[in-house]
Every structure is written in C-alpha cells, then in structure tokens.
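K.L.:
A single structure is presented below for examination.
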Amino acid sequence: MQFQRYTLIYKSQEQINRIESADFSVFENQDLKIEFLLEDAEDGKRYQTVVQQKNKIELVDFFIETKIDYSNTNDIFCNGFQSWTETKLFNKTEKLKAQRRGIKAIGEAYGDGLFYSYKNKKA
C-alpha cells in the first residue's frame, strides 16, 4: 500500500480549517502537530497517525488516500453490509452462499437480486 495524500479538516475558534498534503513528514501549525508512524506489529506493519493539539480543536474529518497494487493476489475483500452477510477475503472461484428462505424475501431488496439475472435464479 502506498499513501498518496491526506486530508484533515478541523474546527478552531469557530473557523473550519483544511490541511491537504502528499508530504507525510511531520506537519505543524499554530493549532496542531501531525505525525505519521510506521510500526512493526505481530501480523505485519501498522500505520499510526498522531495528532497533538496545541489549542482546543474539533476534528471534523480525516482520511488518507492510498494506492494498492492487487496484481499479486487473486483475492478481493468484500465487506458485508448486513448482519447476515460475510466480511472476508474471497478468491476468484468462491461464491456467496445462498440466502436462507426466510431471509431471501427481505434480503433481496438489499442486494442485487432485483436487478441482476443470475443463471441459477428461478424466474
């Protein structure tokens, strides 16, 4: 994973401030200091962002844009969006399990079953 840029939006003295940068070295202004740390963890590497406030601030939004190279893997991470859907890495030959009968009538409205015609779907 390669970091591209970050955006931090915060409120200080009723004014909205926005910091955008592709430079991940230490950033400091009159309100705060931001550091980006890379740590060794049991399962690989962990990225940590440390924000130290100098004045009273309210965090509005913070995100990091990344670039990920998927060419060395056949897996894709699928995030379940309901309690009955799975969140895991799927390989290209795996298929989602069929919905249980009781859930199907309700769950179909939350998936693509109403607008995508699957081969094995009964008409």
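Per the numbering used here, residue 1343 is the first one in the sequence shown, and the count goes up by one each step. Every residue gets a Cβ at the ideal spot worked out from N, C-alpha and C, and that includes glycine.
Straight-line CA distance for phenylalanine 1405 to threonine 1415?
P.N.:
One C-alpha to the other measures close to 25 angstroms.
K.L.:
Given a cut-off of 9 angstroms, decide if isoleucine 1418 and valine 1392 are closer than it, judged by their beta-carbon atoms.
P.N.:
For valine 1392 and isoleucine 1418, no; Cβs fall outside 9 angstroms.
K.L.:
Where aspartate 1382 and tyrosine 1389 are concerned, what is the direct C-alpha to C-alpha distance, given to the nearest angstrom?
P.N.:
The alpha-carbon atoms of aspartate 1382 and tyrosine 1389 are separated by roughly 9 angstroms.
K.L.:
Cα separation between tyrosine 1348 and serine 1363?
P.N.:
The alpha-carbon atoms of tyrosine 1348 and serine 1363 are separated by roughly 6 angstroms.
K.L.:
When you compare each of Gly1386, Cys1420, Gln1395, Thr1408 to threonine 1429 by their alpha carbons, which one comes out closest?
P.N.:
Here the closest residue by C-alpha is Cys1420.
K.L.:
With a 10 Å radius around its C-beta and 16 neighbouring C-beta atoms as the bar for buried, classify leucine 1401 as buried or exposed.
P.N.:
Classification for leucine 1401: exposed.
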